[in-house]
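For the protein sequence lines, the chains are Y and W, in the order given.
The first sequence begins at 835 in the numbering used here and counts up one residue at a time.
The second sequence begins at 835 in the numbering used here and counts up one residue at a time.
Where a beta carbon is used, it is the ideal one built from N, C-alpha and C, also for glycine.
To keep things clear, I will list the structure first and then write my remarks on it.
Number of protein chains: 2
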Amino acid sequence: MSETFSTSFELLATDSGTAARRGRLHTRRGVIETPAFMPVGTQGTVKGMLPEQLHEVGAQIILSNTYHLYLRPGHELVRRLGGLHGFMQWDGPILTDSGGFQVFSLGDLRRIEEEGVRFQSHLDGSSHLLTPESSVAIQEALGADIMMVFDECIPHPAARDYVAASTARSTRWAARSKAARTDGTAALFGIVQGGMEQDLRRQSAEQLMEIGFDGYALGGLSVGEAAEVMYRVMEWTLPLLPADQPRYVMGVGTPENLVEAVARGADMFDCVMPTRNARNGVLFTSFGKLSIKQNRYREDDGPIDPECDCTVCRRFSRAYLRHLYQSNEILASVLNTWHNLYYYLKLMRQMREAIETGSFARFRAEFYRQRDATGEA
Amino acid sequence: MSETFSTSFELLATDSGTAARRGRLHTRRGVIETPAFMPVGTQGTVKGMLPEQLHEVGAQIILSNTYHLYLRPGHELVRRLGGLHGFMQWDGPILTDSGGFQVFSLGDLRRIEEEGVRFQSHLDGSSHLLTPESSVAIQEALGADIMMVFDECIPHPAARDYVAASTARSTRWAARSKAARTDGTAALFGIVQGGMEQDLRRQSAEQLMEIGFDGYALGGLSVGEAAEVMYRVMEWTLPLLPADQPRYVMGVGTPENLVEAVARGADMFDCVMPTRNARNGVLFTSFGKLSIKQNRYREDDGPIDPECDCTVCRRFSRAYLRHLYQSNEILASVLNTWHNLYYYLKLMRQMREAIETGSFARFRAEFYRQRDATGEA
């Protein structure tokens, strides 16, 4: 990769009826066609999936977690072993979060200061301080192609005063994150906070744009608010962001959430839902969710989803997948994850095609029609 | 497959210095080059491995367990879903055990009668009776290409009187197993018992040969006896068996056990050791066993085994595999199993080549020399 590379975004098409966008994000490790979903690989592996299986299901980029890798095996170790790409043998782009979300989730085990967050490891109780500077240094050591600024993911509900103070601090941290970056070939995205307050979201977005980032994320969503509230925050915020830069809605969401977020102009997503649900036997299909452990699938020789052409649906029956799940077999997690990721990534591909061909409104209507027809969602 | 197919064995070569044999077993679902190792797929899956990964590591045949599949999901269900081959999508030969070993392992939960064994399910406590007739019926429902007679795996140590009575009963059960078979295209193997008593082993072998089977197994080994005792039983028994039929040593063993058993004229093996050890982070290498969780591998960027050319060794470092194991990741089990099975199956391939080329003695010496050189075994 060139010393002078910098991440860029092409806006290829926009939908006429909605804010949906079709774009192309050029990172130093390759191109990401947007809208895109990023499978989550928390500990240097998307649980149960080999790198080539991630390619097969259509993953263009994966997300990994700074907090977990900082604690184990340690970012300096990962750096010495070829960065996360070499370590886990994934050759596509990697986005790392800042560690903020996990650190704030620790509750009593963490204390917020202006400098950063002091916390105790969930693994061994050891004390640590994560700051905007150390977060960026860790992400650089991991070799992230897209880094995220260190911020606070504000819980919901939260008092307006707290939201205002936290958002202002996150903006200061965003500026420090940018200043801490030593390698401009990796992208750094700002994260808009502001809770469910329209004016604070606007203020956050404007201040971040003033600092200037390679892309902008919406943080603090999917934290327990109603879907309509989430969509409203997107409607307030996404149009404020630069049209020629990527927009990433963090931690979202269900297939419905993805369709609605794309309709509101979002380009990138990540969520543990397809992978975590897979391990719990919950599968995503064109007609909604399906719980494979149910007795009704005991002798069902059909595929998970008759509309799906993934490797799992082409070969294995619901009855076999139910047996594997009931028997607590490793292959249950592997095959369920494979299918769910394929479902999510195919959904994104379908949306990209629909936006390109001017048929996003029809796609969206059909998406809901299929679910309503069976009532299984 | 033809109605008139019957399993056959070609003896291709014999070693001049030992009893090692190179053979070819023709089953109704394909050919097995011997000596061969059969990965264990207890519940209709070799834990963590996709069928194509089993092919990639060189599996020619897998073993599955009658007891487990009878209880869950049930052999009739498996039959309706295309047999075990269709159910789990493995197109190679399958050998099923008789269920005897698992049933006898239930201890207080089972009672032996002349008719068969009454036992309670380890899953739900329900009562069942497994007989030679029902065992064969279950194995036929599963679609096994090689079935095993129902017998008692005698614990060790055991009083001679018990061994004699049990072995005589197992022989009666073997005759009943043969009589119960309805489809001659699947092979049925007899199982020589007799504990660690030479005359009883001989008697068992002679009586089974009189009944007549498609192959002969040694049962009741690897039950806690010293390796030298195990080898002695092989030396007593294997030469008694027909040279033109396959000889299967059940539940054996370590790499060393396999080399020694091949040297004594055994053709087929199964063992949970490569797969179970893999899930516990114990890896087989050309220099002996390696426990991947050890701190010494923390930053080790080398492969598990520098002599190994498996997919895992070509791509992933010990440091990464240690990280996956320490993090309790699914991929740890997948990759460790992949490597261990490859190691076992490559060992068999090397022995086949050595016997073919008249270099088995040299192979065996080199096998031990590599281990002694490092002292890691």
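Chain Y beta carbons: is any one of them nearer than 8 Å to that of residue i?
{"i": "residue 1211(W)", "result": "Unreliable placement is indicated for residue 1211(W), whose pLDDT of 40 sits below 50; the coordinate value is still reported in the next sentence. No, residue 1211(W) does not count as interfacial toward chain Y."}
{"i": "residue 907(W)", "result": "yes"}
{"i": "residue 849(W)", "result": "no"}
{"i": "residue 1157(W)", "result": "yes"}
{"i": "residue 1160(W)", "result": "yes"}
Using a beta-carbon distance below 8 Å, is residue i in contact with chain W?
{"i": "residue 1128(Y)", "result": "no"}
{"i": "residue 1194(Y)", "result": "no"}
{"i": "residue 936(Y)", "result": "no"}
{"i": "residue 1213(Y)", "result": "In the structure as shown, chain Y starts at 835 and stops at 1211, and residue 1213(Y) therefore has no counterpart that could be examined."}
{"i": "residue 1135(Y)", "result": "yes"}
{"i": "residue 897(Y)", "result": "no"}
{"i": "residue 1125(Y)", "result": "no"}
{"i": "residue 1164(Y)", "result": "yes"}
{"i": "residue 911(Y)", "result": "yes"}
State the Cα-Cα distance for the pair residue i and residue j, rounded to the nearest angstrom.
{"i": "residue 851(W)", "j": "residue 1064(W)", "result": "20 Å"}
{"i": "residue 1055(Y)", "j": "residue 1178(Y)", "result": "19 Å"}
{"i": "residue 1126(W)", "j": "residue 1205(W)", "result": "18 Å"}
{"i": "residue 1104(Y)", "j": "residue 1196(W)", "result": "56 Å"}
{"i": "residue 1202(W)", "j": "residue 854(W)", "result": "17 Å"}
{"i": "residue 992(Y)", "j": "residue 1133(Y)", "result": "49 Å"}
{"i": "residue 1059(Y)", "j": "residue 897(Y)", "result": "24 Å"}
{"i": "residue 1161(Y)", "j": "residue 903(W)", "result": "10 Å"}
{"i": "residue 1004(W)", "j": "residue 1012(W)", "result": "12 Å"}
{"i": "residue 980(Y)", "j": "residue 888(Y)", "result": "18 Å"}
{"i": "residue 1091(W)", "j": "residue 944(Y)", "result": "54 Å"}
{"i": "residue 1168(W)", "j": "residue 1006(W)", "result": "42 Å"}
{"i": "residue 879(Y)", "j": "residue 926(Y)", "result": "13 Å"}
{"i": "residue 1159(W)", "j": "residue 845(W)", "result": "43 Å"}
{"i": "residue 1138(W)", "j": "residue 986(Y)", "result": "41 Å"}
{"i": "residue 1147(Y)", "j": "residue 1016(Y)", "result": "46 Å"}
{"i": "residue 1176(Y)", "j": "residue 953(W)", "result": "43 Å"}
{"i": "residue 860(Y)", "j": "residue 865(W)", "result": "51 Å"}
{"i": "residue 874(W)", "j": "residue 895(Y)", "result": "36 Å"}
{"i": "residue 890(Y)", "j": "residue 1106(Y)", "result": "19 Å"}
{"i": "residue 1057(W)", "j": "residue 1031(W)", "result": "14 Å"}
{"i": "residue 1040(Y)", "j": "residue 990(Y)", "result": "22 Å"}
{"i": "residue 842(Y)", "j": "residue 1018(Y)", "result": "12 Å"}
Exposed or buried, residue i, counting other C-beta atoms within 10 Å across all chains shown (16 or more means buried)?
{"i": "residue 960(Y)", "result": "exposed"}
{"i": "residue 1173(Y)", "result": "buried"}
{"i": "residue 840(W)", "result": "exposed"}
{"i": "residue 910(Y)", "result": "exposed"}
{"i": "residue 1141(Y)", "result": "exposed"}
{"i": "residue 1152(W)", "result": "buried"}
{"i": "residue 1240(Y)", "result": "Residue coverage of chain Y in this structure runs from 835 to 1211, which leaves residue 1240(Y) outside it and unanswerable."}
{"i": "residue 1192(Y)", "result": "exposed"}
{"i": "residue 1170(W)", "result": "buried"}
{"i": "residue 1207(Y)", "result": "exposed"}
{"i": "residue 958(Y)", "result": "exposed"}
{"i": "residue 1199(Y)", "result": "exposed"}
{"i": "residue 1073(W)", "result": "exposed"}
{"i": "residue 934(Y)", "result": "buried"}
{"i": "residue 863(Y)", "result": "buried"}
{"i": "residue 999(Y)", "result": "exposed"}
{"i": "residue 930(Y)", "result": "buried"}
Could you give the C-beta distance for residue i and residue j, rounded to a whole number, given that I count them as a contact under 8 Å?
{"i": "residue 918(Y)", "j": "residue 857(Y)", "result": "Between residue 857(Y) and residue 918(Y) the Cβ distance is about 25 Å, and since that is not below 8 Å, they are no contact."}
{"i": "residue 950(Y)", "j": "residue 963(Y)", "result": "6 Å"}
{"i": "residue 988(Y)", "j": "residue 1027(Y)", "result": "6 Å"}
{"i": "residue 1043(Y)", "j": "residue 1076(Y)", "result": "7 Å"}
{"i": "residue 1034(Y)", "j": "residue 997(Y)", "result": "6 Å"}
{"i": "residue 1047(W)", "j": "residue 1023(W)", "result": "6 Å"}
{"i": "residue 1163(W)", "j": "residue 923(Y)", "result": "Incorrect: roughly 14 Å between the Cβ atoms, too far for contact."}
Along chain C, in chain order, which residues have C-beta atoms closer than 9 Å to that of residue i?
{"i": "residue 888(W)", "result": "Within the model displayed, chain C is absent; protein chains Y and W are what it includes."}
Which residues, in order along the segment 915 to 927 of chain Y, keep a beta-carbon less than 9 Å from a beta-carbon of chain W?
For chain W, the residues of the segment 915 to 927 of chain Y that bring a beta carbon within less than 9 Å of one of its beta carbons are 915, 916, 920, 921, 922, 923, in chain order.
Mind checking the segment 871 to 884 of chain W against chain Y and listing, in chain order, the residues whose C-beta falls within less than 8 Å of any C-beta there?
877, 878, 879, 881, 882, 883, 884
Any residues in the segment 1138 to 1153 of chain Y with a beta carbon nearer than 7 Å to a beta carbon of chain W? Which ones, in chain order?
Listed by position along the chain: 1149, 1150, 1151, 1153.
Given a limit of 7 Å on CB to CB distance, which residues of the segment 949 to 967 of chain Y reach chain W?
none
Name the residues in the segment 965 to 995 of chain W whose C-beta lies less than 9 Å from a C-beta of chain Y; which are they?
none
Beta carbons nearer than 9 Å to chain Y: which residues of the segment 1030 to 1051 of chain W have them?
none
Could you name the residues of the segment 1167 to 1200 of chain W whose beta carbon sits closer than 9 Å to any beta carbon of chain Y, in the order they occur along the chain?
1167, 1168, 1169, 1171
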